[in-house]
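Position one of the sequence shown corresponds to residue 0 (numbering that gives the first Met the number 0), numbered consecutively onward.
Working notes for the structure below.
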Amino acid sequence: MVSKYGSDIIGKAIEQYHRADSIKAMVVAAGILVDETSKVKGEQLIGAQRVVSSFFDALLREMEFARTVTGLQDLGKAGDKIREVAGRVQMQEYSAANKCIGEALSFVTACAQRAVELLKEEALW
């Protein structure tokens, strides 16, 4: 079969899928952390918020790196949503934070889906 895309484009699609899929798993984990943080009360809440904040910082660094490497601009939009989640958690607005997690997940999933479509076109998926 003759490829209509060059190997560099196919390689980029594979990289985009890999990065997006990895970040998607981290966003799902962020959602779990938000849910668990919503159950914490009293003095333990401050510590829980610090842990969650550190996780969000690591996630945002990974998203920025992946956006730079792959050129996937939707990762920037997802990052904006994660920043919003971090603020919502600090304000204890867990329902709004979960909504933002869902929106971030949609952006990341769209990135992965575009890569999958190209790979399917090339019969590589």
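Where a beta carbon is used, it is the ideal one built from N, C-alpha and C, also for glycine.
1) For chain B, find out if any of its Cβ atoms is closer than 8 Å to the Cβ of Ile45; answer yes or no.
2) Taking Cβ positions, are Ile81 and Phe55 nearer each other than 8 Å?
3) Cutting at 6 Å between CB atoms, please list the residues of its own chain near Ser37, excluding the five before and the five after it.
4) Hey, Ala65 and Val84 are a contact pair by Cβ (cut 8 Å); roughly how many whole angstroms apart?
5) Give the DSSP-derived three-state secondary structure of Leu123 in the structure shown.
6) Who are the Cβ neighbours of Leu117 in its own chain at under 8 Å, not counting the five residues just before and after it?
7) Distance, Cα to Cα, Gln72 vs Cys99?
8) Taking the C-alpha atoms as reference points, what is the distance between Met90 and Arg113?
9) Around the C-beta of Arg18, are 16 or more other C-beta atoms found within 10 angstroms, so that it is buried, or is it exposed?
Here's the rundown:
1) In summary, chain B is missing from the structure at hand, where a single protein chain is found.
2) yes
3) Tyr93
4) Not confirmed; about 18 Å, so no contact.
5) coil
6) Tyr4, Ile8, Ile9, Ala12
7) 17 Å
8) 35 Å
9) buried
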